[in-house]
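So the structure is just underneath, and the comments pick up after that.
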Amino acid sequence: MAFDVSHLLAGLGTGLCGGLLAGLFGVGGGIVMVPLLGLVLNLDQHRAQGTTLAAMLLPTGLPAVLEYRKRGIASSLPLVGVLVLAFLFGIYGGSLVANRLPSNALRWGFAGFLVLLAIKTHLRQEASQVDRGQTPFDLTALWTWGPAIGLLAGTLSGLTGLGGAVVVIPLLAAKFRMTQHEAQLTSLMMMLPPIGLPGVYVYAKSQGGLPWVVILGVAAGFAFGALGGARLATRMRGARLKQVFAGILLLMAGLMALRGR
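Right, here's the structure in full:
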């Protein structure tokens with residue numbers, strides 16, 4: 048793709064929206080960026096997913112991570128490491144399967160999954176905030192639930208172009224008793240290494256390349272949006288943040304369904 052200012056601006060706007068969502072809710076931004084790339088630039092499902100994953104190869108979530116840490120929110124580096132390793136296996140397999148499925152099937156499956164996840168998020172009980180210096184994370188399930196969550200998140204990311212955080216955040220909250228803010232920070236820390244590289248390779252090969260101008264725009268916009276989203280998130284109560292997250296999931300499911308009409 049030749050350089051096109053309109054494509055760069057479209058990427059910037061899309062990345063800004065995705066970054067804001069990422070900083071605010073700890074997700075990779077694919078929830079909003081995949082459908083937006085389809086609507087604004089008319090990219091098909093597979094190309095939009097590959098573009099989203101490619102933009103996230105850069106550590107665009109670092110501004111958000113630093114903001115969460117600045118506000119005293121904790122995470123576990125051993126858990127992040129286990130999640131990332133398992134994620135890499137899942138994303139490669141998910142990307143291979145995705146390129147053998149029709150776009151409509153992926154789109155409707157994506158929408159249905161988001162609806163179910165929104166319901167689960169709404170019903171989940173928010174954990175109490177504790178001082179992690181006095182009460183460290185319970186990592187007894189590190190080698191059981193850690194790999195399972197990472198593998199599931201990676202597979203979902205490869206199939207749909209999501210960062211996998213929509214699985215990581217609720218499962219970390221449920222299995223490791225993290226607060227919403229702690230789970231979101233852990234999810235954001237998973238995005239810092241280029242964990243989407245296997246998926247990007249598969250998509251780029253099957254699509255004959257990806258739109259690099261759009262990718263650069265998305266990455267730049269995402270970094271700015273993530274910082275703003277993190278500042279908003281750290282000023283909100285966890286229970287409130289969780290309910291707004293559920294609403295965003297429903298909104299994105301509706302957007303995907305409209306694209307399938």
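So the sequence shown is numbered by my numbering: it starts at 48 and just counts up by one. Each residue gets a CB set at the ideal place from its N, CA and C atoms; glycine is no exception. These numbers were taken from a predicted model, which means no experiment stands behind them.
Just to confirm, is the Cβ distance from GLY285 to GLU173 under 8 Å?
Sequence index remark: in the sequence shown, residue 285 carries index 238 (1-based). Sequence index remark: in the sequence shown, residue 173 carries index 126 (1-based). Going by C-beta atoms, GLY285 is nearer than 8 Å to GLU173.
Length of the line joining the Cα atoms of ALA121 and GLY73:
Mapped onto the sequence shown, residue 121 falls at position 74. Mapped onto the sequence shown, residue 73 falls at position 26. So the alpha carbons of these two residues sit roughly 14 Å apart.
Measure the alpha-carbon distance for MET237 versus ARG118 and round it to whole angstroms.
Within the sequence shown, residue 237 is the residue found at index 190, counting from 1. Within the sequence shown, residue 118 is the residue found at index 71, counting from 1. For MET237 and ARG118, the distance between alpha carbons rounds to 19 Å.
Less than 8 Å separating the beta-carbons of GLY275 and LEU67?
What you label residue 275 is simply residue 228 of the sequence shown in a count that begins at 1. What you label residue 67 is simply residue 20 of the sequence shown in a count that begins at 1. Yes. Within cutoff.
Would you call the stretch 183 to 196 and the stretch 84 to 101 touching, i.e. three or more CB-CB distances under 8 Å?
no
Rounded to whole angstroms, how far is the Cβ of VAL214 from the Cβ of ALA200, which I believe are closer than 8 Å?
On the sequence shown, residue 214 is found 167 positions in, with the first residue counted as 1. On the sequence shown, residue 200 is found 153 positions in, with the first residue counted as 1. Contact flag correct, Cβ pair sits at about 5 Å.
Buried or exposed (CB count within 10 angstroms, at least 16 for buried), GLY255
Within the sequence shown, residue 255 is the residue found at index 208, counting from 1. Result: exposed.
Other residues of its chain near ILE166: CB distance less than 6 Å, five sequence neighbours each side excluded:
Position 119 of the sequence shown, counted from the start, is the residue given in the question as residue 166. Cβ neighbours of ILE166 beyond the five flanking positions: none.
Using 8 Å as the threshold, is the C-beta distance between GLY246 and ILE138 below it?
For this step, residue 246 is matched to residue 199 along the sequence shown. For this step, residue 138 is matched to residue 91 along the sequence shown. Closer than 8 Å, so yes.
Grouping DSSP H, G and I as helix and E and B as strand, with all else coil, what is MET225?
The count along the sequence shown starts at 1 and reaches residue 225 at position 178. Three-state DSSP puts MET225 in coil, outside helix and strand.
Smallest Cα separation from TYR115: which of THR226, VAL162, LEU135, HIS169?
The residue given as residue 115 occupies position 68 in the sequence shown. It is THR226.
Within its chain, find whatever has a CB closer than 6 Å to the CB of GLY141; leave out the 5 residues flanking it on each side and keep chain order.
Taking the first residue of the sequence shown as position 1, residue 141 is located at position 94. Here the set comprises THR202, GLY205, LEU206.
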